[in-house]
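Novice: Got a structure here, written out as structure tokens. Questions coming.
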Amino acid sequence: MAKGTAEKIRKKAIGLMCGLLIVGFGAAAMSLVHWQIINGEELSAKAMEQSLRSTGLPAMRGTIYDATGTKVLAQSASVWTVVLEPHYLAEDDNLRRKVANGLSEILGLDAAELYERTGEVGSYYDVIARKVETEVRDRITQFMNDNKIGNGIRLIADYKRYYPYGTVASNILGFTGDDSQGLEGLELYYEEELSGSAGRLIAAKNAFGTDMPFEYEQIVEAENGYNLVLTIDETVQSVLEKYLKEGIEKFWIKNGAVAVMMDVDTGGILGLATYPYYDPNDPFTILDQNLLEQVEAVPEGDERIEVKREAMNVQWRNKAVSDLYYPGSVYKMCVGSMGIEEGLITEDSQYTCTGGEKLQGVKDPIHCWNHDGHGTTTFREGLCNSCNPWFMHIGRELGPDLFCRYREAFGLADKTGIDLPGEGRSILHSVDNMGEVELVVEAFGQNFSITPIQMITASAAVANGGYLVRPHVVDRIVDEDGNIVKSADCSYRRQVISEDTSATICDILRQNVASGTARGGYVSGYRICGKTGTSEKVDKHNEDLLEDPNAKMTYIASYCGFAPAEDPRYALLVFFDEPDASSNGGYTAGNAIAGPIFSAIMQELLPYLGVEVMYDEDEYNEHRDTAAPNVVGMTIREAVAAIREAGLEYDIEGNGDDEEGWDEYKITEQIPEGGATVPQEGKVVMFTTGYNVNEVMVEVPDFFQMDLINASYEAHINDLQITVNGNRDGDTRVMMQGIPAGEKVKKGTVITLTFASNLSTDTSVTIAE
């Protein structure tokens, strides 16, 4: 081959080689740039993820306190997660069996399965049980100590939610799930504040992908959640629930009930009771017997599962916040305020009620509850009579525009914004869709739907000088050291009516309780403002008629009022959904059903809340109760002198009934107790030694539906005493008794009887939409 040709071939080969090297190194360089610079951070993170195992460490959920700041309504207590570390056990078969058998006995797990899990070489973290209580944790610790097990079993701190008061305030508090996340109530609404920030347990993995020993771990501590201090007072809440339950049973209520007490100046909710309720410690158990019967009536299978799910949703639902209802005549306090504020009426304005009105285009007349009519009355008398035509007249005077503007001003067109989940939205006729029929019917509280929390908020505006408040159940959020993180906004949203209008309506509502149609809410010694409501469930009735042409109308019996009348501080709304008149003696009216419950609640809570008793002259002379002197520890002679000085009678049970022993024997017990209520000229029964228990015990009779004369006689022949609450004038009957019939008590025991009449002063024939 010629020398020139060989040289050319060599040069071409060198050139090709250089080209390949340049391309190869260039590609490598580009690849390095791509992986190291462009995607370097992402790959680094992935490498870290592959070499580390991260396990969440739960934060302790914040505590929920009642308004006193001392009573714990919800708290998290320590529990433990039990973790196996198989790597330390795998090579010792005897130790594996010992651990498997021991833990299976303590935790109730399968020993064979545990044995298999202890043999996983390279595994340092295998959860076998969660939410283990302290007692079980202690047994595991003792087992480890007894068997000298250092590594192989770990106990990691966790938390479990407890509700110390059981069912109390369940529909407010809600509950948490297995992962400690809020599912209902405040637990859900304040999830972010209560839950805190979880920590992390970070452990290294080796080249084989198995866990490194725990000395390679790093812990990022959790930050505990904030605490809530509520406006809810546990005592108030318990009283509301007690009487609500009594009303449910006494009047055969089919569809639940509500009682809400509010501070009219701040909007703070002191108590909010609903029925049905549940135990947040065991929220998936149905407590209401009616709901339980509905579930058990369905055969096992998917259908029963669905029925049970619906039943649980019913018991979890906060009826005061989520459900809509026709407010009925309770709403008349708002409509009357509108008319007076606009100068369209005064308390002395007159209107003639003929018993009903026939409207154009409507088949049947719209009646007053008094079909004979009230005749010509003033507005003050019209409100005290709960006269529907009077308020139809006010509605016409206002007109749709003004009526709807005030309706919005009272907060009925929008949600209140209460700090609880699931608040319902009202259903109202718009201005454009409000004809004469819609206007006059809404004016007496029918054919529009609002929530109970909207109604009591509106009533608070009537009571407090005309200011719309913000209802809330959390007063403040605090950290672990008690520092306030956030406080409730108690500022007024707006002024709806003037203070003069508010004072006028309050005075009329005070008279309504004293001598009008709301006497069922009367409380001796206190000035109460009140209004009854007996609203017809028209929509439901129309649905019922499709299935049964003879279906009867169902009702909501309600009572709303506030006290003390001179300077209202506390508003209370009570309502019962669908009282069963066929089972409870024919009672459907708000005055007869909700009124006595309202009265009993106020009688018990107003003294607790610091509202002073102020008897008028008639009450002082005729109805005033007194307090029994404390004579325990005194000789009989000293005790008799103290009781006589108090203007009371006495009986002696046991040794010393002969006056010769009066200086020898001492009083060991008395009924009523010292300081307890006793009727004027009533009796204190004193007990010394030597009495026969069986001879001094008596059975409480059933006073239900007795008038005052017969109730007094029944108490007398049973060696009992009564104190009277509620309305005792006219044709009134016992609606409630402080001690249940059939219960055994000692002679001389004082039983509070609440009286009311069964006038259905609110119902009328209304127009379905």
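The sequence shown lines up with residues 189 to 957 when you count with my numbering. Think of the CB as a built atom: it goes at the ideal place given N, C-alpha and C, for glycine as much as any other residue.
With DSSP as the reference, label Ser525 as helix, strand or coil.
Specialist: Locating residue 525 in the sequence shown gives position 337, counting from the first residue. DSSP places Ser525 in helix when its eight states are reduced to three.
Novice: Tell me whether Tyr539, by its Cβ, gets closer than 7 Å to a heavy atom of the ligand NAP.
Specialist: The ligand NAP is not among the ligands present in this structure, which contains no ligands whatsoever.
Novice: Is DSSP giving Ile197 helix, strand or coil here?
Specialist: Working through the sequence shown from its first residue, we reach residue 197 at position 9. Residue state, collapsed to three classes: helix.
Novice: Give the DSSP-derived three-state secondary structure of Asn843 in the structure shown.
Specialist: Against the sequence shown, residue 843 aligns to sequence position 655. Residue state, collapsed to three classes: coil.
Novice: Less than 8 Å between the beta carbons of Pro784 and Met924, yes or no?
Specialist: Taking the first residue of the sequence shown as 1, we reach residue 784 at position 596. Taking the first residue of the sequence shown as 1, we reach residue 924 at position 736. Result yes, Cβ atoms of Pro784 and Met924 sit closer than 8 Å.
Novice: Do you know offhand how far Gly561's Cα is from Ser746's?
Specialist: Walking along the sequence shown from the start, residue 561 turns up at place 373. Walking along the sequence shown from the start, residue 746 turns up at place 558. When rounded, the distance between both Cα atoms is 23 Å.
Novice: For Thr722 versus Asp511, is the C-beta distance shorter than 8 Å?
Specialist: Numbered from its first residue, the sequence shown carries residue 722 at position 534. Numbered from its first residue, the sequence shown carries residue 511 at position 323. No.
Novice: Checking 8 Å against the spacing of the C-beta atoms, do Phe598 and Ala651 come in under that value?
Specialist: What you label residue 598 is simply residue 410 of the sequence shown in a count that begins at 1. What you label residue 651 is simply residue 463 of the sequence shown in a count that begins at 1. In this structure, Ala651 does not lie closer than 8 Å to Phe598 by Cβ.
Novice: With the cut-off set at 8 Å, would you say Thr454 and Ala508 are in Cβ contact?
Specialist: Numbered from its first residue, the sequence shown carries residue 454 at position 266. Numbered from its first residue, the sequence shown carries residue 508 at position 320. Not in contact: Thr454 and Ala508 (Cβ atoms no closer than 8 Å).
Novice: Looking at the unbroken alpha helix (DSSP H) that takes in Val550, where does it start and where does it end?
Specialist: Position 362 of the sequence shown, counting from 1, holds the residue named residue 550. Neither: Val550 is in no alpha helix (DSSP H) and is coded neither H nor E.
Novice: Could you compute how far the alpha carbon of Ala498 sits from the alpha carbon of Leu418?
Specialist: Looking up residue 498 in the sequence shown gives position 310. Looking up residue 418 in the sequence shown gives position 230. Per the sequence shown, the amino acid found at residue 498 is Glu instead of Ala. Computed Cα separation, rounded: 29 Å.
Novice: Within a Cβ cutoff of 7 Å, which residues of the same chain sit near Ser426, ignoring the five residues on either side of it in sequence?
Specialist: In the sequence shown, counting from the first residue as 1, residue 426 sits at position 238. These residues qualify, in order along the chain: Val356.
Novice: Counting along the chain, where does the beta strand (DSSP E) carrying Trp268 start and finish?
Specialist: As a first step, residue 268 must be located in the sequence shown, where it is residue number 80. Taken as a continuous stretch (DSSP letters only), the beta strand (DSSP E) holding Trp268 covers Val260 to Leu272.
Novice: For Arg832, does the count of other Cβ atoms within 10 angstroms reach 16, so buried, or fall short, so exposed?
Specialist: The residue given as residue 832 occupies position 644 in the sequence shown. Flag for Arg832 reads exposed.
Novice: So, with DSSP's three-state summary, where would you put Tyr594?
Specialist: By one-based count along the sequence shown, residue 594 stands at place 406. DSSP places Tyr594 in helix when its eight states are reduced to three.
Novice: Out of Ser675, Thr911, Lys934 and Asp890, state which residue places its alpha-carbon closest to the alpha-carbon of Glu381.
Specialist: Working through the sequence shown from its first residue, we reach residue 381 at position 193. Comparing Cα positions, the closest option is Ser675.
Novice: Hey, Leu896 and Val872 are a contact pair by Cβ (cut 8 Å); roughly how many whole angstroms apart?
Specialist: Stepping through the sequence shown from its first residue, residue 896 is reached at position 708. Stepping through the sequence shown from its first residue, residue 872 is reached at position 684. About 23 Å; that fails the 8 Å criterion.
Novice: Where does Met923 fall in DSSP's three states?
Specialist: As a first step, residue 923 is located in the sequence shown; it is residue number 735 there, counting from the start. Residue state, collapsed to three classes: strand.
Novice: Is it true that the segment 652-670 meets the segment 777-793, where meeting means three or more beta-carbon pairs spaced less than 8 Å apart?
Specialist: Contact between the segment 652-670 and the segment 777-793 is absent, because fewer than three Cβ pairs lie under 8 Å.
Novice: Taking Cβ positions, are Ala958 and Phe764 nearer each other than 8 Å?
Specialist: Given that the chain is displayed from residue 189 to residue 957, the structure contains no residue 958 and the question cannot be resolved.
Novice: Residues in its own chain within less than 7 Å of Asn558 by CB, not counting five upstream and five downstream?
Specialist: If you number the sequence shown from 1, residue 558 lands on position 370. Hits under 7 Å: Gly543.
Novice: Name the DSSP bridge partner or partners of Glu857?
Specialist: The sequence position of residue 857 within the sequence shown is 669, counting from 1. Note: Glu857 sits in a beta bridge opposite Phe875.
Novice: Nearest to Phe786 by alpha carbon, out of Lys336, Lys719 and Gly930?
Specialist: In the sequence shown, the residue the question calls residue 786 occupies position 598. Selected option, being the one with the closest Cα: Lys719.
Novice: Identify which residue in Glu792, Val819, Ile528 and Leu297 has its Cα closest to the Cα of Gly926.
Specialist: Position 738 of the sequence shown, counted from the first residue, corresponds to residue 926. The candidate whose alpha carbon is nearest that of Gly926 is Glu792.
Novice: Contact check, Ile716 vs Met521 under 8 Å by CB: the rounded distance?
Specialist: As a first step, residue 716 is located in the sequence shown; it is residue number 528 there, counting from the start. As a first step, residue 521 is located in the sequence shown; it is residue number 333 there, counting from the start. With a Cβ gap of about 13 Å, Ile716 and Met521 do not count as contacting.
Novice: For the alpha helix (DSSP H) containing Glu430, name the first residue and the last one.
Specialist: In the sequence shown, the residue the question calls residue 430 occupies position 242. Going by the sequence as given, residue 430 is Lys instead of Glu. Residues Glu422 to Lys438.
Novice: Give the straight-line distance between the Cα atoms of Val408 and Ser385, rounded to the nearest whole angstrom.
Specialist: Taking the sequence shown and counting its residues from 1, the one referred to as residue 408 is at position 220. Taking the sequence shown and counting its residues from 1, the one referred to as residue 385 is at position 197. Each residue's Cα considered, the two are about 11 Å apart.
Novice: Please list, in chain order, all residues of the same chain as Arg349 whose beta carbon is under 6 Å from its beta carbon, the five residues on each side excluded.
Specialist: Along the sequence shown, read from residue 1 onward, the residue named residue 349 stands at position 161. Answer for Arg349: Ser264 and Thr364, listed in chain order.
Novice: Just list the alpha helix (DSSP H) runs in the segment 270-356, keeping only unbroken ones of 4 residues or longer that don't cross its boundaries, in chain order.
Specialist: Counting only runs of 4 or more, we get 281-295, 299-305 and 322-334.
Novice: Determine the DSSP secondary structure at Ile693, reduced to helix, strand or coil.
Specialist: For the purposes of this step, residue 693 is identified with residue 505 of the sequence shown, where counting begins at 1. In the structure shown, Ile693 sits in a helix (DSSP, three-state: H, G or I).
Novice: Phe402 to Tyr353, Cα distance in whole Å?
Specialist: Along the sequence shown, read from residue 1 onward, the residue named residue 402 stands at position 214. Along the sequence shown, read from residue 1 onward, the residue named residue 353 stands at position 165. Summary for Phe402: the model assigns pLDDT 49, below 50, so the residue's position carries little reliability; its value from the coordinates is reported in the next sentence. Their Cα atoms are separated by approximately 41 Å.
Novice: Starting from the Cα of Gln893, find the closest Cα among Asn880, Phe439 and Leu277 and give me that residue.
Specialist: Within the sequence shown, the letter at position 705 stands for residue 893. Cα-wise, what sits closest to Gln893 is Phe439.
Novice: Just confirm the distance between the C-beta atoms of Glu372 and Trp504, as a whole number of angstroms; I'd bet it's less than 8 Å.
Specialist: Within the sequence shown, numbered from 1, the residue matching residue 372 stands at position 184. Within the sequence shown, numbered from 1, the residue matching residue 504 stands at position 316. Between Trp504 and Glu372 the Cβ distance is about 5 Å, and since that is below 8 Å, they are a contact.
Novice: First and last residue of the alpha helix (DSSP H) that includes Asn730?
Specialist: Numbered from its first residue, the sequence shown carries residue 730 at position 542. Where Asn730 is concerned, the enclosing alpha helix (DSSP H) stretches over Val726 to Glu735.
Novice: Looking only at DSSP bridge pairs, what is Glu800 linked to?
Specialist: Reading the sequence shown from its first residue, position 612 is the one you call residue 800. In the DSSP output, where bridge partners are listed per residue, Glu800 has none listed.
Novice: Give me the DSSP bridge partner(s) of Pro867.
Specialist: Here the question's residue 867 lines up with position 679 in the sequence shown. Answer is Asp813, bridged to Pro867.
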